[in-house]
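Novice: Here my numbering is used: position 56 in the sequence shown is 1451, and no number is missing along the way.
Beta carbons are placed, not taken as given, at the ideal position from N, Cα and C, and that holds for glycine.
The structure presented is a predicted model; accordingly, all values stated were derived computationally and were not measured.
Below you'll find the structure I mean.
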Amino acid sequence: MRVRAPATAANLGPGFDIAGVAFDLWNEVEIGEGNGHVDEENLVVQAFSRFASPKRRAFHFVERIPRERGLGSSASAVALGLVAGALAADVEASADELLELGLELEGHPDNLAAALAGGVCLTWEGRIARVADDLPVSAVAVIPETRVLTADARDRLPQAVPHEDAAFSAGRAALLGAALVAGSPELLAASAADRLHEPYRAEEAPHLAAIRSDLPDGALGATLSGSGPTVLVWVERGRETEVEGVLTTRFPDHDVRRLAVTPTGAGPA
């Protein structure tokens, strides 16, 4: 059995803990018979165990998603294990049902929802609304070598924010939802700002401010991918190569790459 699960980006700016998108970049696991040691601390194995015993099985992994860069590597692992476990147990489970189980292991529903359902998703109270197959813009990721643990990034968030900042982000989140449903590049560009989490996480992603202060021609905005440090630059259709080239020149020590949205979530490879 071979299963794959996609990379994901959470938040998309103001959609804190609710919005996510799946990208065409995949981790895989191949599971067969085995008699060796199984690492029960591994997230894939733990998720698999929700449906079937991992004993007497061998797990072989292919990792393409950079770890601890804000691209949903842990959500991908949980999605891999859940889908593989359900297949092994011959259990049919919806994305919502898998999300509920997975949140015991992966506490961030936005990444996991997109990893399970694919496309562009909103999630709340354990439910998934898959609102689009694709974004109205293209994404170019600027991925640094430095790593950021999600738990550490969350520790930087304050317990309270000024009412003005909350109102600002609520308004931008409404614009984001409208942009995703309407497929509007203009609305998405207008939504690409946040005051709830990005200002507190920007220290680990100084290239976010640098990109925003001098957006390449053809770029509409930039947001953190999840808790960072990866930055997603939102680009007009047809100008991806141009923007990617500019960013590669500006950030030679970073991994700059286009990420296409995948409408497909975790499933058999």
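Hey, is the stretch 1645-1657 in contact with the stretch 1533-1546, meaning 3+ C-beta pairs nearer than 8 Å?
Specialist: yes
Novice: Give the straight-line distance between the Cα atoms of PRO1405 and GLU1435, rounded to the nearest whole angstrom.
Specialist: Here residue 1405 corresponds to residue number 10 of the sequence shown, with the count starting at 1. Here residue 1435 corresponds to residue number 40 of the sequence shown, with the count starting at 1. Sequence check: residue 1405 is Ala here, not Pro. Taking the straight line from one Cα to the other gives about 27 Å.
Novice: For LEU1627, which residues does DSSP report across the bridge?
Specialist: Taking the first residue of the sequence shown as 1, we reach residue 1627 at position 232. Answer by DSSP bridge pairing, in chain order: ALA1536 and THR1618.
Novice: Can ALA1414 and ILE1460 be called in contact, C-beta distance under 7 Å?
Specialist: On the sequence shown, position 19 is the one that residue 1414 refers to. On the sequence shown, position 65 is the one that residue 1460 refers to. No. Outside cutoff.
Novice: When the Cβ atoms of the stretch 1437-1444 are set against those of the stretch 1493-1511, are three or more pairs found closer than 8 Å?
Specialist: yes
Novice: Can you tell me where the beta strand (DSSP E) with ASN1430 in it begins and where it stops?
Specialist: Numbered from 1 along the sequence shown, position 35 holds the residue referred to as residue 1430. Note, ASN1430: premise wrong, no beta strand (DSSP E); not H, not E.
Novice: Report the partner residues of GLU1423 according to the DSSP bridge assignment.
Specialist: As a position in the sequence shown, residue 1423 is number 28, starting the count at 1. DSSP, once it has assigned bridges, lists ARG1399 and VAL1457 as partnering GLU1423.
Novice: What residue does the alpha helix (DSSP H) around LEU1498 start on, and which one ends it?
Specialist: In the sequence shown, the residue the question calls residue 1498 occupies position 103. Where LEU1498 is concerned, there is no enclosing alpha helix (DSSP H), given that its DSSP letter is neither H nor E.
Novice: For ARG1590 and GLY1566, what's the separation of their Cα atoms in angstroms?
Specialist: For the purposes of this step, residue 1590 is identified with residue 195 of the sequence shown, where counting begins at 1. For the purposes of this step, residue 1566 is identified with residue 171 of the sequence shown, where counting begins at 1. Between ARG1590 and GLY1566, the C-alpha separation is close to 11 Å.
Novice: Considering just the uninterrupted stretch of the beta strand (DSSP E) at VAL1651, what are its terminal residues?
Specialist: Reading the sequence shown from its first residue, position 256 is the one you call residue 1651. Note, VAL1651: beta strand (DSSP E), 1650-1654.
Novice: To which residues of the same chain is ARG1549 closer than 8 Å at the C-beta, ignoring the five residues directly before and after it?
Specialist: Counting from one through the sequence shown, the residue named residue 1549 turns up at place 154. Around ARG1549: SER1622.
Novice: Given that a residue counts as buried once 16 or more other Cβ atoms are within 10 Å of its Cβ, and exposed if not, what is ASN1430?
Specialist: If you number the sequence shown from 1, residue 1430 lands on position 35. The residue is exposed, with fewer than 16 neighbouring Cβ atoms inside 10 Å.
Novice: Can you grab the Cα-Cα spacing for the pair THR1659 / ALA1569, in whole Å?
Specialist: The residue labelled residue 1659 in the question sits at position 264 within the sequence shown. The residue labelled residue 1569 in the question sits at position 174 within the sequence shown. Cα to Cα, the separation comes out at about 25 Å.
Novice: Where do the ends of the alpha helix (DSSP H) carrying LEU1603 lie?
Specialist: In the sequence shown, residue 1603 corresponds to position 208, counting from 1. Its alpha helix (DSSP H) spans residues 1601-1608.
Novice: Three or more C-beta pairs closer than 8 Å, one from the stretch 1614-1628 and one from the stretch 1472-1483: is that the case here?
Specialist: Touching, no.
Novice: Indicate the three-state DSSP secondary structure (helix, strand or coil) for VAL1515 in the structure shown.
Specialist: Counting from 1 along the sequence shown, the entry for residue 1515 is found at position 120. Here VAL1515 sits in strand by DSSP.
Novice: Thinking C-beta only, is THR1518 closer than 7 Å to ASP1529?
Specialist: Looking up residue 1529 in the sequence shown gives position 134. Looking up residue 1518 in the sequence shown gives position 123. Cβ distance not < 7 Å, so ASP1529 and THR1518 don't count as in contact.
Novice: What residues match up with ARG1452 in a beta bridge as DSSP calls it?
Specialist: By 1-based counting over the sequence shown, the position of residue 1452 is 57. Answer is GLU1428, bridged to ARG1452.
Novice: In the DSSP assignment, find the unbroken alpha helix (DSSP H) run with VAL1543 in it and report its ends.
Specialist: Position 148 of the sequence shown, counting from 1, holds the residue named residue 1543. Where VAL1543 is concerned, there is no enclosing alpha helix (DSSP H), because DSSP gives it neither an H nor an E.
Novice: Excluding the five sequence neighbours on either side, which residues of its own chain have a C-beta within less than 6 Å of the C-beta of LEU1575, listed in chain order?
Specialist: Locating residue 1575 in the sequence shown gives position 180, where the first residue counts as 1. Once the five neighbours on either side are set aside, the close Cβ partners of LEU1575 are VAL1515, VAL1526 and ALA1527.
Novice: For ALA1488 and ALA1573, I'd like the C-alpha separation in whole angstroms.
Specialist: Sequence index remark: in the sequence shown, residue 1488 carries index 93 (1-based). Sequence index remark: in the sequence shown, residue 1573 carries index 178 (1-based). Straight-line Cα distance between these residues: approximately 30 Å.
Novice: How many Å lie between ALA1490 and ARG1451 at the Cα?
Specialist: Along the sequence shown, read from residue 1 onward, the residue named residue 1490 stands at position 95. Along the sequence shown, read from residue 1 onward, the residue named residue 1451 stands at position 56. Those two C-alpha atoms are separated by around 27 Å.
Novice: Can you give the Cα-Cα distance for ARG1607 and GLU1423, rounded to whole angstroms?
Specialist: Taking the sequence shown and counting its residues from 1, one reaches residue 1607 at position 212. Taking the sequence shown and counting its residues from 1, one reaches residue 1423 at position 28. Rounded to the nearest angstrom, the two C-alpha atoms are 34 Å apart.
Novice: Are ALA1472 and LEU1511 touching if we call contact CB-CB under 7 Å?
Specialist: Locating residue 1472 in the sequence shown gives position 77, where the first residue counts as 1. Locating residue 1511 in the sequence shown gives position 116, where the first residue counts as 1. For ALA1472 and LEU1511, no; Cβs fall outside 7 Å.
Novice: Going by DSSP, name the residue or residues bridged to ALA1417.
Specialist: The residue given as residue 1417 occupies position 22 in the sequence shown. Looking at the DSSP assignment, ALA1417 forms a beta bridge with THR1403.
Novice: What residues in its chain sit with their C-beta under 6 Å from that of GLU1501, if we drop five residues either side in the sequence?
Specialist: One-based indexing of the sequence shown puts residue 1501 at position 106. So the qualifying residues of the chain are SER1469, ALA1470, VAL1473 and LEU1507.
Novice: Just to confirm before moving on: does the CB-CB distance between ARG1634 and TYR1595 stay below 7 Å?
Specialist: As a working note, residue 1634 is residue 239 in the sequence shown. As a working note, residue 1595 is residue 200 in the sequence shown. Contact flag unset, no.
Novice: Tell me which residue opens and which closes the beta strand (DSSP E) that ALA1524 is part of.
Specialist: One-based indexing of the sequence shown puts residue 1524 at position 129. Element bounds for ALA1524: 1522-1527.
Novice: Compare the beta carbon distance of ALA1453 and GLY1427 with 7 Å and say whether it is the shorter of the two.
Specialist: As a working note, residue 1453 is residue 58 in the sequence shown. As a working note, residue 1427 is residue 32 in the sequence shown. In contact: ALA1453 and GLY1427 (Cβ atoms closer than 7 Å).
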